[in-house]
Each structure stands twice: as structure tokens, then as C-alpha cells.
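Reviewing the structure listed below.
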Amino acid sequence: MRLFGSSGIRGRFNDLITPELVCRIGQAVGSLHNETVVGWDVRTTSPLLANAAISGLLSAGCNAYSVGMVSTPTLANAAREYGAGIMITASHNPPMDNGVKLWNPDGSSFGTDQMTAVEELILGKSMAMVPWDKVGQLKYIDWAIERHVKRISENIGKLDAKVVVDCGNGAATTITPELLRKLGCEVITINCQPDGSFPGRGSEPTEENTKPLAKLVVEEGADLGIAHDGDGDRMVAVDDRGNFAGGDVLMPLLCKAEGKTRVVVPVNASMAVDRYLEGIEVVRCRVGDVYVSEKIKETNADFGAEPSGTWVFPKMSYCPDGVYAAARLVQMAMERPLSEQLAEIPKLTIMKKRLYMPLDRKAEVMAAVADKIRTLGPTEISEMDGVRAVFDGGWMLLRPSGTEPKLKLVVEAETVERTKQLYDIAMEIMKEVLE
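Spelled out as C-alpha cells, the structure:
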């Protein structure tokens, strides 16, 4: 039985994610590490679950350091001082969900072998606990946000821009507005009061739910707008004309700005990245920030990104840092209007779909998908993560979600007509294999 997916473990509170489970995760991590830092996002259930994780750590003889409510990249930055980090968050999931993600001191999330070791301890019959006089110590630290701000400031320098920031009532409320003001920006905020019910908009910053942000950017004559997800590891934007710029659109821009020799993107990344980057190698990997970080290390890449709005700056950390990405994008917008820069990105059409797929049918379904796609005669096919097939003028990817029982489809092509054609073919395959 697998507990952890590509983004840790997430699910409905008191269903999959219970205090008992989180306590056992704490016990397992505490059995493997002497010191662990713990943080949590704004969700109503997060403090409760953080206390459960801390109890597990202490009972295993591990010292626990509580940083309170912080963004995920802030927690990962604090983990530099300790053996591991535990973040209580469900990222962009709805408010009734929660989850756990585990971090290494270099900012990378636990890899496959590490997660397997934790799972084996959790699912085992027993876990060795220490006697009363060997329990770990709990300490509270108040410098996590300050040090994260300091590290970003040292890398970015002074800024002079008018920025509208929408934190979606999430954990980035604790840092992004403060950071940008400290760097010299005029900051206007929307949805920047921490609230675990996410009253302002959904915790995932989509084009639809960032329309108030776009409107405010235009009304205020701002240089750009910044939007985060629930825990601040993601960042998307609105340009100076009020146009939404999601991860798909920003990825070529940031890859070119950060890449010198090599960048890493997952198999679901737009081919606009390849076309926009000249003289920079584009390496593809499995979907999930853990795999992006692993591939950056393996290939000594300069930068990594995902279409979801995940940005990994290895010079800072191997943790996706939406806060640093926000400051970096503001810096880029100062050089030239963001709308002008985005206008240079190759114009391609992307279509996406998700269909329910029972987890116990995943292997059977994906084998059938691969067989059917091969009959279409693709010019290139990869089964690194799902099935990605390249055709004349476009590509399609069918892959199982790493966090939910869904089969995901991404189709991209040079024209709307070709995209629709490939999309219809892929949808027919999905319906056939899921019958």
C-alpha cells in the first residue's frame, strides 16, 4: 500500500488524513532523524495536525522545532538548519482537505526511497518508542519568515514597481506582501488575510478565480499582479494589461531568464519552452516537484518548472518557491512590460481534461492507453510518466494523477484545429479504456 504520492499525502480530514495517521508519520520521521522542523498552512485543521506530528516526533526521541503558520517554501528554508521538515498542507486542495509533505535540508521533498522507508515504519506492526526520559524536546522558533525574506532580498536586490498581490487567503499572506514592500515595491493586496476557509477565492489560482485580481491590476495601473495557491509554493501572474499568465505561459519566460545551459520541465510542459529557448537544453522528467528537483540535481540544471506554477531555483533551494518566483517576476517586469515579454512566447493551443479512474485499474488502463496510442503512429512515444506521444504539429499526454483517482489528459498543438483533432482522438481513447 502506498501512502505518499508525487506531492506527499493529501485527502479529506478525518477520512484519509487523521490525527492518528499524522502522529505515526511524525513517529516514523522521528525514528529516522534527530531534529525536525514543523510548519503548517492556514487550514482550520492544520494546527491540530501539526500538534499530532510533533507528538509523534517527540515520542520517537526526536527534537521538534515549531515555526508556526508559514508558507511551504519558508518551512523548507527553515529545514536547512535541521535534519528534516514536516509541512502540514494540502496545497491548492479545497478547505476540507489536508495533508503532509516531508522535506530535506536542501529543500527537496523526500524522494521515493525516503518515502518508502517512512511508509514501511507507519504500516509496520510496531514502531520503537523511547522511554519517558528520552523523549524529544519541543522548541518554538520565530525567525523562519525573517530569514526567508533575508535570503530572497540578498538575491533579488531593490525593486521599484507597483504590484497587486493575491494570496488567496493562504499561507503566503505571511510573507509575499511584506517581502515586496521591503524590496521597495508599492503593494496593493487582495485576499491577503489568512483564512482556512478560503473565502476570497479557491485556493488554486486559476484564470477564472483571479479575475478580481486582473481587474484591480488594470484599475490601479499596476505593473503586474501576483497570485499564490494555498501554501505559497506556486505562483502565477496577471500582466500589466490584465491578462492571466498561468504556469504554461510563464514557463518559457522564466526558463529563459534563469537557464544558462540546461532547464528541467515535466512531460506535461508546453513545447513552447523548447521553441523559445535557444542554446539551452530542455530536459523532461516525471510530473511532480520531487522529480523536477531530482532531475535538476542529476543533470546540474540551472532551473526547473512545472505548468502548475511551480518554480525551482536551485541557487536558493530545491523546494518550489512561489515567493521567490514572485520577486523574480517583478524584477523581470521592471526591465520591460510583462505584456511585451509574454507576447514573444510562441502561441500554441492547450486543452486539458480529467476523468475518474479507479486506483486499482491504473496499471490495466495505462497498458491499454499505450497500446491504442501506438496504433496512431506517433513520431515519438515516452512512457516515463503515463504515455506522451508526439505527432505532426502537436502532442498528447495521458497520465494517472499522483494525488487523486483521475486519468489526466493534456493536448497541445500549433493550431486550434489540430489541438481539437488530437483532443477528440485522446478523449475517445480515454472513454474506451475506462469503460
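In this text, residue positions in the sequence shown follow the numbering used here: the first is 2, and each later residue adds one. Heads up, the beta-carbon is just placed ideally off N, CA and C, and yes, glycines get one too.
In the structure shown, LYS140 adopts extended strand secondary structure according to DSSP, grouped into three states.
Assignment of VAL268 by DSSP, reduced to helix, strand and coil, places it in the coil class. Proximity to ALA118 across PRO206, ARG25, GLU208 peaks at ARG25, based on C-alpha coordinates. Of the other Cβ atoms in all chains shown, fewer than 16 fall within 10 Å of the Cβ of VAL417; this residue is therefore exposed.
Each of GLU209, LEU124, GLY137 was checked against the Cα of GLY57, and the nearest Cα belongs to GLY137. Segment contact: the region 390–399 against the region 317–328, fewer than three CB-CB distances shorter than 8 Å; contact not assigned. Shown here, ASP167 sits in a strand according to DSSP, grouped into three states. In the DSSP assignment, ARG400 falls within the beta strand (DSSP E) that extends over 395–401. Distance from the CA of ARG11 to the CA of GLN422, rounded to the nearest whole angstrom, comes to 35 Å. With contact defined as three or more Cβ pairs closer than 8 Å, the region 285–301 and the region 329–340 are not in contact.
If only complete runs of 4 or more residues are kept, the region 56–127 shows the alpha helix (DSSP H) at 73–79, 113–124, in order along the chain. When the beta-carbon positions are compared, GLU179 and LEU4 stay at least 8 Å from each other.
DSSP places HIS34 outside both helix and strand once states are collapsed to three, so it counts as coil.
Shown here, GLU209 sits in coil according to DSSP, grouped into three states, outside any helix or strand. Here ALA172 is buried: its Cβ has 16 or more other Cβ atoms, across all protein chains shown, within 10 Å. Cβ contact annotation for ALA29 (same chain, cutoff 6 Å, sequence separation greater than five): VAL119, LEU122, ILE123, in chain order. Secondary-structure assignment with DSSP links SER383 through a beta bridge to ARG389.
In chain order, VAL250, PRO253, LEU254, ALA273, TYR277 place their CB closer than 8 Å to the CB of ILE346, counting only its own chain and leaving out the 5 sequence neighbours on each side.
Exposure of ASP161 is indicated by the presence of fewer than 16 other C-beta atoms within 10 angstroms of its C-beta. Judged by DSSP secondary structure, LEU278 falls outside any alpha helix (DSSP H); it is assigned neither H nor E.
For the pair LEU399 and SER309, the Cα-to-Cα distance works out to about 16 Å.
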